[in-house]
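Residue 84 in this note's numbering sits at position 84 of the sequence shown, with consecutive numbering throughout.
Cβ atoms here follow ideal geometry from the backbone N, Cα and C, with glycine treated the same way.
All figures in this text were calculated on a predicted structure; none of them were measured in a lab.
Read through the structure below, which is laid out as structure tokens, and then see the notes.
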Amino acid sequence: MGQQLSISAQIRKCMYNQDMNGLRMLLSRPSDGPISGSLEDNIFVEAIVLNCDTDIVTALVKLANDDQLTLLIATAVLYDYPVPLEIFFNSITNRERAIEEHHLKHLFLTLCERERTEAVRVFIENECYDPCDSRCLRAVVRGQLKKATVDTDLLKLVKSSHPMEPDEVRNLVDTYRDEAHNDEVLRIVEGCLL
1 MGQQLSISAQ
11 IRKCMYNQDM
21 NGLRMLLSRP
31 SDGPISGSLE
41 DNIFVEAIVL
51 NCDTDIVTAL
61 VKLANDDQLT
71 LLIATAVLYD
81 YPVPLEIFFN
91 SITNRERAIE
101 EHHLKHLFLT
111 LCERERTEAV
121 RVFIENECYD
131 PCDSRCLRAV
141 VRGQLKKATV
151 DTDLLKLVKS
161 SHPMEPDEVR
171 NLVDTYRDEA
181 HNDEVLRIVE
191 GCLL
């Protein structure tokens, strides 16, 4: 008679075997299923890396502690996992501590570079950014100038969270002026920033 696998091992086995139905059943068992805080940290990373369904990741959120939720946020950002990040942030009990302790503010630049407008909005709403880091606005301005269609929402979001003097903004636009897709794009970017 062999030993029964731990709940984390059972979840991992389902994830690696791509048994999403088995995983759903395992996560929804009320009596002998996983309880909050009982799962290994790497389960949360693996759920994103293995591209589990969004409903699986959402079910895992309910079982995560603050540290595990920050792992979910960081992994989702780094792997560009398509899940609304507010689910993770809303579940963190001590948000300020978790953001600082796990350096989540550093991921804001990644979101700006990848032009993830909704994720940028969630990070701003949760004060998960450094308003003094001008690289974020620089990345967005440069990225938007190169595109045929400008994401004005992204430009306005990052500009509002990273205040700069008008001269600094003008200098920023002038620095990347030559990279503009066309004059219309340049005009739209300037209109959003100046």
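Item	Value
I'd like to know whether the C-beta atoms of T161 and Y129 end up nearer to each other than 8 angstroms.	Sequence check: residue 161 is Ser here, not Thr. Cβ distance < 8 angstroms, so S161 and Y129 count as in contact.
Roughly how many angstroms lie between the CA atoms of M1 and E125, to the nearest whole one?	In this predicted model, M1 has a pLDDT of only 48, less than 50, meaning its place in the structure is not dependable; the value taken from the coordinates is given anyway. C-alpha separation (whole angstroms): 53 angstroms.
What separation, rounded to the nearest whole angstrom, lies between the Cα atoms of L78 and R29?	31 angstroms
Are A139 and L109 close, meaning C-beta to C-beta below 8 angstroms?	yes
Around the C-beta of G37, are 16 or more other C-beta atoms found within 10 angstroms, so that it is buried, or is it exposed?	exposed
How is the alpha helix (DSSP H) around M15 delimited, first residue to last?	I7 to Y16
Helix, strand or coil, according to DSSP, for T110 in the structure here?	helix
From F88, K156, R170 and L186, pick the residue whose C-alpha is nearest to that of L60; which is it?	F88
Indicate the three-state DSSP secondary structure (helix, strand or coil) for D151 in the structure shown.	coil
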